[in-house]
Amino acid sequence: MIHNDKRICDGVGLWLENRTDRDWDGLPGLFLDRDGVILEETGYLGRVEDVRLVDGAARLIGWANRQRIPVIVITNQSGVGRGYYDWQAFAAVQSELDRQLQCDGAHVDFVVACAYHRDGKPPFAIDNHPWRKPNPGMIMAVRDQCRLDLSRSVLVGDKWSDLEAAARGGMARGLLVKTGHGVQQAGIPPSFDAGSMGIDIAANLDEALAIFKQETSGASG
Ligand SMILES: [Mg+2]
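Below you can see the structure in the form of C-alpha cells.
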C-alpha cells in the first residue's frame with residue numbers, strides 16, 4: 705500500500721504538508737494539536753460531517769496569522785493506522801477544517817501527522833514510532849523543513865503527551881487546554897520532565913489567546 709500523494713512523505717504513514725513558501729528562519733511557530741483542541745473531539749475523526757471547530761479556534765489561528773506566526777497542525781492519526789479511515793478521508797477532514805477556518809479569515813500553514821501505532825494494521829503496526837507523540841519527531845521534521853525557532857515556539861494540546869513532545873522538542877511553552885481530553889488530563893500531574901519549558905493550563909482557546917497576547921505585548925514592551 706504505497707501512496708503517490710506527495711504529502712505522505714514515506715509513502716505509508718507519515719503526512720508532511722508545507723503550504724507556504726515563506727522563509728520561517730528564526731520565527732516562532734504555533735503548534736496545535738487537532739482533535740480536542742481546534743476540532744471537537746469525536747473519537748477517531750474521519751468523517752467530514754463530524755468536523756466542528758472548537759469555539760475560539762479561528763480567533764486564535766487568525767491572530768497568529770496576523771502576527772505572521774506560522775501555524776502548524778500536529779496530529780497523531782492512529783485511526784488511519786488502525787484502518788478506521790484512510791489518508792483520503794484524513795485529507796477530506798483537513799479540507800473541511802480549512803473551509804471552516806477560511807470563513808473566519810484564518811488559515812493553517814503546515815500539517816504534520818503520524819498514522820503509526822503499536823495496534824495498527826500492517827504496514828502501520830510500529831510501536832513507539834519516533835514521529836508519534838509524545839516523541840518529538842513531527843516537531844523536528846517541521847523544523848528541518850522550515851527552520852523555525854523551536855526555542856521560541858509554543859504548542860497547545862489537550863493531552864500531556866502533546867506537551868511532552870513539545871518539551872522534548874525544546875519548545876519554550878506548552879499549554880494544556882481543558883477541551884477534548886483536557887479536563888480529565890488537567891486532573892492528573894504530568895509524568896514527564898518539562899525541563900525549561902513553561903506550562904500553562906487554560907480553560908479554552910480564548911483564554912490561551914489571552915495568555916499569548918499578554919506575552920507578545922510583554923516581549924515587545
Ligand atoms: Mg488531542
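The sequence shown begins at 705 in the working numbering and counts up one residue at a time.
Note that the Cβ used here is the ideal one computed from N, Cα and C, for glycine as well.
None of these values were measured; they are calculated from a predicted model.
Limits of the beta strand (DSSP E) - the one that residue i falls within
i, result
"residue 877", "877-881"
"residue 866", "No beta strand (DSSP E) holds residue 866; the alpha helix (DSSP H) holding it covers 864-872."
Option in the options with minimal Cα separation from residue i
i, options, result
"residue 911", "900, 882 and 898", "882"
"residue 725", "864, 738, 813 and 777", "813"
"residue 737", "863, 788 and 849", "863"
"residue 714", "909, 897, 818 and 908", "818"
"residue 784", "904, 718 and 878", "718"
"residue 755", "761, 746, 865 and 763", "746"
"residue 752", "902, 803 and 890", "803"
"residue 834", "827, 845 and 824", "845"
"residue 796", "821, 749 and 770", "749"
"residue 778", "860, 786, 710 and 913", "860"
"residue 842", "780, 758 and 759", "780"
"residue 770", "810, 790 and 735", "810"
"residue 890", "897, 879 and 798", "879"
"residue 865", "853, 794, 763 and 903", "903"
"residue 768", "856, 733, 853 and 868", "733"
Bridge partners - residue i, DSSP secondary structure assignment
i, result
"residue 810", "Beta-bridge pairing links residue 810 to no other residue."
"residue 719", "712 and 817"
"residue 790", "DSSP lists no partner for residue 790."
"residue 829", "821"
"residue 860", "736 and 879"
"residue 743", "739 and 757"
Where residue i falls: helix, strand or coil (DSSP)
i, result
"residue 924", "Residue placement at residue 924 is flagged as unreliable, the pLDDT there being 47, under the threshold of 50; a coordinate-derived value is accordingly withheld."
"residue 775", "strand"
"residue 761", "helix"
"residue 907", "coil"
"residue 783", "helix"
"residue 735", "strand"
"residue 755", "coil"
"residue 730", "coil"
"residue 902", "strand"
"residue 749", "coil"
"residue 895", "coil"
"residue 802", "helix"
"residue 836", "coil"
Boundaries (first-last residue) of the alpha helix (DSSP H) holding residue i
i, result
"residue 846", "841-850"
"residue 886", "886-890"
(request) Let me have the residue list for ligand 1: C-beta closer than 7 Å to any non-hydrogen atom, ordered along the chain. (result) 737, 738, 739, 740, 741, 745, 861, 862, 863, 866, 884 and 885
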